[in-house]
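J.: First to last, the sequence lines map onto chains A and B.
The numbering of the first sequence is our numbering, which starts it at 371 and goes up by one.
The numbering of the second sequence is our numbering, which starts it at 48 and goes up by one.
All C-beta atoms in this analysis are idealised placements derived from N, C-alpha and C, irrespective of residue type, glycine included.
The structure that follows is given in the form of structure tokens.
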Amino acid sequence: AQSVTQLGSHVSVSEGALVLLRCNYSSSVPPYLFWYVQYPNQGLQLLLKYTTGATLVKGINGFEAEFKKSETSFHLTKPSAHMSDAAEYFCAVRLSGAGSYQLTFGKGTKLSVIP
Amino acid sequence: GAGVSQSPSNKVTEKGKDVELRCDPISGHTALYWYRQSLGQGLEFLIYFQGNSAPDKSGLPSDRFSAERTGGSVSTLTIQRTQQEDSAVYLCATAGTAINEQFFGPGTRLTVL
Numbered sequence: 371a372q373s374v375t376q377l378g379s380h381v382s383v384s385e386g387a388l389v390l391l392r393c394n395y396s397s398s399v400p401p402y403l404f405w406y407v408q409y410p411n412q413g414l415q416l417l418l419k420y421t422t423g424a425t426l427v428k429g430i431n432g433f434e435a436e437f438k439k440s441e442t443s444f445h446l447t448k449p450s451a452h453m454s455d456a457a458e459y460f461c462a463v464r465l466s467g468a469g470s471y472q473l474t475f476g477k478g479t480k481l482s483v484i485p
Numbered sequence: 048g049a050g051v052s053q054s055p056s057n058k059v060t061e062k063g064k065d066v067e068l069r070c071d072p073i074s075g076h077t078a079l080y081w082y083r084q085s086l087g088q089g090l091e092f093l094i095y096f097q098g099n100s101a102p103d104k105s106g107l108p109s110d111r112f113s114a115e116r117t118g119g120s121v122s123t124l125t126i127q128r129t130q131q132e133d134s135a136v137y138l139c140a141t142a143g144t145a146i147n148e149q150f151f152g153p154g155t156r157l158t159v160l
């Protein structure tokens with residue numbers, strides 16, 4: 371079984387400031403990890419994913435995340451927040467072995483960007 | 048179409064009525080998932096289809112929920128005798144294969160009065 375914990379249901383940052391959204395996971399086997407973004411009244415859009423290989427992954431819109439196995443973390447960062455980054459962000463985990471590959475999501479973090 | 052489409056976008060129904068929600072996948076995508084997004088529970092997996100294999104129904108919350116996928120393409124999620132706790136956004140996602148990235152539709156917002 372796997373689970374995801376996102377610390378902070380709401381995060382506010384000033385425009386131009388660092389964005390840090392935290393995600394910790396638990397998984398019985400090596401996981402695949404994902405960050406999705408959801409804008410109001412829209413579906414989820416993939417920001418980035420970690421499957422194997424390089425632990426620092428870069429995604430769209432300047433976001434990146436680092437897989438840290440020892441800390442069971444996959445925190446999302448962006449050096450400089452833009453107003454357009456205001457949205458809800460979901461961390462998700464999926465088992466890397468055989469199975470139905472459904473995603474297990476965290477509860478989400480709503481990001482507000484203050485001008 | 049270019050992406051996953053879902054219909055209707057909004058559905059308001061009365062408690063006890065049956066509803067059908069539709070998902071049109073990206074052409075050629077063999078894997079299809081239904082998730083539910085609600086205020087109290089976040090995003091939850093409901094059911095998964097892969098090609099002609101038997102679906103994984105392990106996430107369906109009760110026997111009032113069922114889904115089918117005809118011809119490996121369009122999928123319909125049916126909720127019978129709706130309850131107020133069924134109010135949520137129902138999201139469909141599809142993938143080229145089971146292990147590929149999942150692309151999500153815009154969802155159907157269901158409100159049960």
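Which class does GLN131 of chain B belong to by DSSP, given the choice of helix, strand or coil?
T.: Here GLN131 of chain B sits in helix by DSSP.
J.: Find the nearest neighbour of THR479 of chain A within the set A:ASN431, A:CYS393, A:GLU385, judged by alpha-carbon distance.
T.: That would be A:CYS393, whose Cα lies nearest to the Cα of THR479 of chain A.
J.: Using a Cβ cut-off of 8 Å (strictly closer), state whether GLU148 of chain B contacts chain A.
T.: Answer yes: the Cβ-Cβ gap between GLU148 of chain B and chain A drops below 8 Å somewhere.
J.: For ARG83 of chain B, which residues in the same chain have their Cβ closer than 6 Å to its Cβ, ignoring the five residues on either side in sequence?
T.: GLU91, LEU93, ALA135, TYR137, listed in sequence order.
J.: Applying the 10 Å Cβ sphere with the 16-neighbour rule, what's the burial state of LEU446 of chain A?
T.: So LEU446 of chain A ends up on the buried side.
J.: Residues in its own chain within less than 7 Å of ARG69 of chain B by CB, not counting five upstream and five downstream?
T.: For ARG69 of chain B, where only same-chain residues beyond five positions count, the Cβ hits under 7 Å are GLN53, SER54, VAL121, THR123.
J.: In the DSSP assignment, what residue or residues form a beta bridge with PHE92 of chain B?
T.: DSSP lists B:TYR82 as partners of PHE92 of chain B.
J.: With respect to the beta strand (DSSP E) encompassing LEU446 of chain A, which residues constitute its N-terminal and C-terminal limits?
T.: It spans 443-448 - the beta strand (DSSP E) in which LEU446 of chain A sits, taken as one unbroken run.
J.: Run through chain B and tell me which residues come within less than 7 Å of PHE444 of chain A, C-beta to C-beta.
T.: In chain order: nothing, as chain B lies at least about 16 Å away.
J.: Select from the region 406-421 of chain A all residues with a C-beta closer than 8 Å to any C-beta belonging to chain B, and list them in chain order.
T.: Going along the region 406-421 of chain A in chain order, one finds TYR406, ASN411, GLN412, GLY413, LEU414, GLN415, LEU416, LYS419 with a Cβ nearer than 8 Å to chain B.
J.: Can you tell me the Cα-Cα spacing of ARG128 of chain B and THR158 of chain B, whole angstroms?
T.: In a straight line, the C-alpha of ARG128 of chain B is about 13 Å away from that of THR158 of chain B.
J.: Please tell me whether PHE460 of chain A has its Cβ less than 8 Å away from any Cβ of chain B.
T.: Output row for PHE460 of chain A: interface = yes.
J.: Quick one: any contact between the region 406-414 of chain A and the region 449-468 of chain A, if contact means 3 or more CB pairs under 8 Å?
T.: The region 406-414 of chain A vs the region 449-468 of chain A: in contact.
J.: Which word fits THR125 of chain B, buried or exposed, when buried means at least 16 other C-beta atoms lie within 10 angstroms of its C-beta?
T.: THR125 of chain B should be labelled exposed.
J.: Whole angstroms is fine: what's the gap from ASN147 of chain B's alpha carbon to SER100 of chain B's?
T.: Spanning the two alpha carbons is a distance of roughly 17 Å.
J.: From which residue to which residue does the beta strand (DSSP E) around SER397 of chain A run?
T.: 389-397 is the span of the beta strand (DSSP E), which, as asked, contains SER397 of chain A.
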